[in-house]
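Going from the sequence shown to our numbering is simple: count from 1 and add 774.
Cβ atoms here follow ideal geometry from the backbone N, Cα and C, with glycine treated the same way.
Read the structure below first, then the notes.
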Amino acid sequence: MTCNPRWKEIQEALLPGQEPVDRPDIVSRVFKLKLEELKKDLFVKNIFGEVAAWIYVIEFQKRGTSRAAIHIYTDKNGVEHMTENEVNSYLDTRYVCAPESIWHIFDFRMSDRSTPVMQLKVHLKNAQGVVYKEGEEKDAAQRGQLRDTTLTAWFAANQRCYDELESTGMIPEDVVDLPRFLDDFAEDFVYKHFPKEKAEALAYNDLIVRMNAMGEKLEKWMSLGYERIMPDDVIDFDYCTKEGDRMRSTLVAEQEEVVKAVLDAVKSGGGLIYVDGPGGSGKTYVYLCLINILQGMHLKVIPIATVASFFHLNIKDGCKTSTIHLQSAEAKQLAELDVVFWDEAPMSPKSSLETVDQLFRDVTKIDKPFGGKVIILGGDFRQCLPVVDRKGRDEQISNSIKMSHLWPLFQVHHLKTNMRAQNADEEWKSWRWSERRRRTGVMEVPEDLRCDGDLAEEIFGSLLRNGSDVSEISKVAILSPTNQQALQMNQKVMEMIPGEMKTYYSVDEVGDNQNIHSDAANFPTEFLNKMTPSGLPPHKLDLKVGALVMLLRNLDVRNGLCNGTRLVIREMGERVLRCAFISGPNEGGDVLILRIKLSFDSGIPFVLQRRQFPVRPAFAMTVNKAQGQTFDRIGLLLDASIFAHGQLYVALTRTRTKDGIRIWAPEKVMHNIVYKNIL
């Protein structure tokens, strides 16, 4: 690319009577800006195909203009381009023109390239070649020991690179020096007037709880010998009683029946109840009412946010086992529970229900269903069922809790009144609820729900342009059946947000447990970087201040940091993200998110380990991830067809009104899949 002194941007910046030669500062600045845009087109937007490597050099000409010589190497899947021969001979003279001087004054780069590749001179240790004159053998030997070869310099650079990565948190330290910081960890408990030794024990316990929530064991790293202490939550029983009575007075008849059934089960010493209700039927309100009533009765109640995490279910074996030991503090805590609330139960496999049943029997030593506890399941079988990798309809149905031998023991209560859409027009309510009963097939997208333009602009455009508050932006979302569509849409909306983009790259590797002689251990890093499986953040994570992100792991369930929690980014550092809750009891509260190691091995012949911030942009999400959430407005992206039971039903019931839905479908039709024998 050669600088053109007649470019509009240069001409408009000149004062009357000036020529480009009079203002080399303007010429060089404009050329630099256009060069950056060209680099973005070539290396980011890939207008000529995927780029494997590149290099460019800035050249200056006597006539006063600058030029950039750019060499691009396309990858094997890219488009091959013809290259023209260049004149290789030139005069060995140098003329420093004004633009070259300004280029150096501004400290602009003279050349740049992607990751360089150099062939090293391989040799054994202390066996590098040395060139010397006859009679200078001794000096040459000493000189050879002091000078680096390309190979020894590469080893030294690797060590420096490791140290720098470790200092920025990209590589965890092998040594855990907890005793050094124990006083700082225990400080919060000391301020609550706990004795020093108990404060340290509580701090140690707090670390164990947090690491358990992330699927890690602190005992793997250290054991300080403190007795496990399970701190009791401070509960205002009088407040719970009054709040429970107040909420109960507002219940409709079918909700009151659920409350009576639960209280009867408590009085009789155990019971199994399933609350069936579509989205918006008030299940959560009934749960909160019951929790207040039961806690006011001094009963130990637990609402489960994530079943696998709370009961330590082993996801790798399909939740058929639990890692809770019968002599552990967690087992003691389970034995002391009176009532368990388990919402969105239809999304869990039947093996999890059966494992939890056996776990309660073991910890209580009572051979009754769930050890005689009151278990309250909730959900809607019209919505999404448990995910079964690479399996079909029959396997998905057989994996449902309805197919468990425990299901006939549950007393089923139905909530039919749609509290979420009470103010919606009757025609819309009738249309929406009738869709769940339709058989599998294709239906036309209603004309007043269609989006014929840009869906991202339709849903987020005005909000982002007007600088709307995050509370408003968080009430809208784009839903997609597939993970890949959601990733692409998130990137598109992220680019619409004003402000500087910051990119975080992950460190990817094959799991340590892989056999070094296997093919899996030889997958190149570039291949690992291109993988973005469900449940993992991307290798290249683009973020901006003010962007919405979704947490991908349970970091601190007790304080609301669960898988699926949506946050807004307040500040971006090199090693930490400062985020804030956008909803719930912790709304507005700040949290710090660090890089952690995440693993994935489903459907691949190795374990992918990725060290990255456990978040993804949350402007768009899959339909399955949106289950259980309510929005003011959603866009449904049907570039790929609905492919699972309940997905269309879930998508259409995320809003309160018909006006809150826009559907983009290339053929103006949408597919509906319903498994009648699971309803």
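- By the Cβ rule, the region 1043 to 1062 counts as touching the region 1138 to 1154, because three or more pairs are nearer than 8 angstroms.
- Scanning its chain for C-beta atoms nearer than 6 angstroms, with the 5 sequence neighbours on each side dropped, one finds around V1350 the residues L1366, L1368, in chain order.
- In the three-state reduction of the DSSP assignment, I1416 falls in the coil class.
- For A1439, the closest alpha carbon among the candidates L1422, D1433, R1430 is that of L1422.
- DSSP places D1364 in the uninterrupted beta strand (DSSP E) bounded by 1364 to 1368.
- Within 10 angstroms of the beta-carbon of K912 lie fewer than 16 other beta-carbons, which makes it exposed.
- Counting only runs of 4 or more residues that sit fully inside the region 1027 to 1055, the alpha helix (DSSP H) segments are 1027 to 1041, in chain order.
- Around V1040, the same chain offers V1148 as residues with beta carbons nearer than 6 angstroms, after the five sequence neighbours per side are excluded.
- Annotation: G1320 is outside any alpha helix (DSSP H) and is labelled neither H nor E by DSSP.
- By the C-beta density criterion, P969 is exposed, having fewer than 16 other C-beta atoms within 10 angstroms.
- If you look at R1022, you'll find it in the alpha helix (DSSP H) that goes 1011 to 1022.
- D1112 and K1094 have their C-alpha atoms roughly 24 angstroms apart.
- Nearest in C-alpha terms to S885, of all of P790, P1307, R841, T1396, is R841.
- Contact between S1102 and N1328 does not hold, since their C-beta atoms are separated by about 19 angstroms, which reaches or exceeds 8 angstroms.
- In the displayed model, E1221 falls within a helix according to three-state DSSP.
- Taken in chain order, the complete alpha helix (DSSP H) segments of 4 or more residues contained in the region 1123 to 1172 are 1124 to 1138, 1167 to 1172.
- Annotation for L809: A842 place their beta carbon closer than 6 angstroms to its own, counting only its chain and skipping 5 residues before and after.
- Here the region 1259 to 1270 makes contact with the region 1390 to 1400; the two share three or more CB pairs at distances below 8 angstroms.
- For I1098, there is no enclosing alpha helix (DSSP H), as DSSP marks it with neither H nor E.
- A1425 sits buried, since 16 or more C-beta atoms from the chains shown fall within 10 Å of its C-beta.
- One Cα belongs to R1340, the other to A1354, and the distance between them is close to 9 angstroms.
- Under the criterion of beta carbons closer than 8 angstroms, N1398 and C1014 do not qualify as touching, at roughly 34 angstroms.
- Going by C-alpha positions, S875 is about 55 angstroms away from D1375.
- Under DSSP, A1251 forms a beta bridge with I1408.
- Using a Cβ-Cβ distance cut-off of 8 angstroms, the region 1059 to 1070 and the region 1025 to 1036 are in contact, since at least three pairs of beta carbons, one from each stretch, lie closer than that value.
- Going by DSSP, P873 is part of the alpha helix (DSSP H) stretching over 872 to 879.
- Within the same chain, and ignoring the five residues on either side of N1173 in sequence, the residues whose Cβ sits closer than 7 angstroms to its Cβ are P1123, K1124, P1160, V1162.
- In this structure, the beta-carbon distance from T1396 to A1230 does not fall below 8 angstroms.
- Under the DSSP assignment, F834 falls in the beta strand (DSSP E) whose first and last residues are 825 to 834.
- Nearest to G1166 by alpha-carbon distance, out of E1246, V1026, I1447, is I1447.
- Your pair F1380 and F1301 does not check out as a contact, with CB atoms roughly 11 angstroms apart and the cut at 8 angstroms.
- The alpha helix (DSSP H) runs lying completely inside the region 791 to 815 and spanning 4 residues or more are 798 to 813, given in chain order.
- In the three-state reduction of the DSSP assignment, G1235 falls in the helix class.
- With a contact defined as Cβ atoms closer than 8 angstroms, G1358 and G1320 miss out at about 19 angstroms.
- In the DSSP assignment, the residues bridged to W1116 are I1078, L1151.
- For A787, the CB contacts under 8 angstroms within the same chain, skipping 5 residues up- and downstream, are R797, I800, V804 in chain order.
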